[in-house]
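See structure below.
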Amino acid sequence: DAKTTQPPSMDCAEGRAANLPCNHSTISGNEYVYWYRQIHSQGPQYIIHGLKNNETNEMASLIITEDRKSSTLILPHATLRDTAVYYCIVRVPQTGANNLFFGTGTRLTVIP
Amino acid sequence: GAVVSQHPSWVICKSGTSVKIECRSLDFQATTMFWYRQFPKQSLMLMATSNEGSKATYEQGVEKDKFLINHASLTLSTLTVTSAHPEDSSFYICSARDPGGRTGELFFGEGSRLTVL
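So the protein lines, in turn, are chains X and L.
The first sequence begins at 40 in our numbering and counts up one residue at a time.
The second sequence begins at 9 in our numbering and counts up one residue at a time.
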């Protein structure tokens, strides 16, 4: 299973864009990139996912490089409530979670 | 969106007692649910896969006789921590996939914090 590498922590000023990188150099052709976040003492929350095209929803944008070896999650206007640990995960959809590997994630702190 | 709910959200028990945690899919049927454990400042670790109507599949190193999983219906899975000890204190999280939802994302419960005294 492809694993991911993320920086352990990042800071972002409130109102600015938060850009969270993720490396997944061993991703296979049928694996999607998923992003989840976990606010302290809560269960993870789904944010966005994509295969190879850039994706955008009401929460964030996902930019995937052409070779698919890395991606960036963008929170366009970070708020204090976006402070959380962000997990980048690669997996084949519609399969069991035994290939859903949560790495250490990136702890994003939004600063007032 | 799909909702997964856990109960209780927190529980304190004495060492040697058993504790049951429930995981429910509120607006979809889940043939498979997943149980995770998370220690402070660590990531989620998959414990087991709960299959409706059959035995759960446990990850390596997880004691199946200690962490009993029952998935009796398409909307309910339970995790029972038997003869709990202080080292079992942790944040337990369940998840499920909505088969009718968007491509493959998992929905997670709110988590249940277990403290064993």
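Cβ coordinates follow ideal geometry from the N, Cα and C atoms, glycine included.
Chain order gives the chain X residues near residue 101/L as 82, where near means a beta carbon separation below 7 Å. Flagged as an interface residue toward chain L: residue 142/X, by a C-beta distance shorter than 8 Å. Ranking 118/X, 65/X, 56/X and 72/X by CA distance to the CA of residue 130/X puts 72/X first.
One Cα belongs to residue 117/L, the other to residue 101/L, and the distance between them is close to 6 Å.
Between residue 30/L and residue 88/X, the beta carbon gap of about 28 Å keeps them out of contact (Cβ cut-off 8 Å). Of all residues in the stretch 87-109 of chain X, only 88 come within less than 8 Å of chain L when Cβ atoms are compared, listed by chain position. DSSP lists 88/L as the beta-bridge partner residues of residue 28/L. Annotation for residue 104/L: the continuous beta strand (DSSP E) segment containing it runs 98-105.
Three or more Cβ pairs closer than 8 Å define a contact, and the stretch 100-108 of chain X falls short of that threshold against the stretch 143-151 of chain X. Against residue 116/L, the close residues of chain X are 75, 77, 81, 82, 83, 84 and 85, in the order they occur along the chain (beta-carbon pairs closer than 9 Å).
When DSSP reads this structure, residue 41/L sits in a beta bridge with 58/L and 104/L.
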